[in-house]
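What follows is a set of notes on a single structure, which appears directly below.
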Amino acid sequence: MSIDFKDHGKKPYVVNIEDATVQNDNYRTTIWTGSKLQVTVMSIQPNDDIGLEVHHGIDQFIRIEEGQGLCQMGPSEDNLNFEQVVSEDDAVLVPADMWHNIKNTGDKPLKLYTIYAGPDHVEGTIHPTHEDAENDPNEH
């Protein structure tokens, strides 16, 4: 099934989320942005990571579809006191205001999708690479 990788937000939308996640080759692709929820699919290259971040006032759900990684979380960027290996079919729940990162520790892309409650990225965001995301003036 071919996936239309654009933001379908604020309209009814049905997608096979596993197919969308596995087929996505961009670092980040926003596929649906509503007023209180956002869904992105991500492909993290080997030895790369999501990037240490915190979402103020936004809870986050992450599901690993393919690959393996190391999840770290904590109350501050220099106190990541939670650490756990993650792999296919694992779900990671990140409380609002919690610093977190997931590093790809495998030898193939780490494929995941994430749900933000509420939106964290500008509607329609596509970052082909991690570097593109870091250089996006709309990212915080």
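Its first residue numbered 1, the sequence shown is counted upward by one per residue in UniProt numbering.
The beta carbon of each residue, even a glycine, is placed where N, CA and C say it ideally should be.
Inset, instruction - For lysine 36, collect the residues of the same chain with a Cβ closer than 6 Å to its Cβ; drop the 5 residues on either side in sequence, then sort them by chain order. - result: Gly118
Legend entry - Pick from Asn26, Glu77, Lys108 that is closest to proline 128, judged by C-alpha positions: Asn26
Inset, instruction - Within the same chain, show all residues whose beta-carbon is closer than 8 Å to that of glutamate 88, passing over the 5 residues directly before and after it, in chain order. - result: Ile64, Glu65, Glu66, Gly67, Gln68
Legend entry - Rounded separation between residue 205 and leucine 70 - CA only: This structure cannot speak to residue 205, because the chain is shown only from 1 to 140.
Legend entry - Outcome for proline 84 when other beta-carbon atoms lying within 10 angstroms are tallied against a minimum of 16: It is worth fixing the name first, because residue 84 is glutamine in this sequence and not proline. Exposed, since its Cβ has fewer than 16 Cβ neighbours within 10 Å.
Inset, instruction - Tell me whether leucine 93 is buried or exposed, calling it buried when 16 or more other Cβ atoms sit within 10 Å of its Cβ. - result: exposed
Inset, instruction - Might you give, ordered along the chain, the residues of its own chain that have their beta carbon closer than 6 Å to the beta carbon of residue 183, omitting 5 neighbours on each side? - result: No information on residue 183 is available, as it lies outside the stretch 1 to 140 that the chain covers here.
Inset, instruction - Assuming aspartate 7 contacts isoleucine 31 (C-beta within less than 8 Å), just tell me the rounded distance between them. - result: 6 Å
Legend entry - Cutoff 6 Å; reference histidine 121; Cβ partners in own chain excluding five residues on either side: Thr30
Legend entry - Collapsed DSSP secondary structure at valine 22 in the structure displayed: helix
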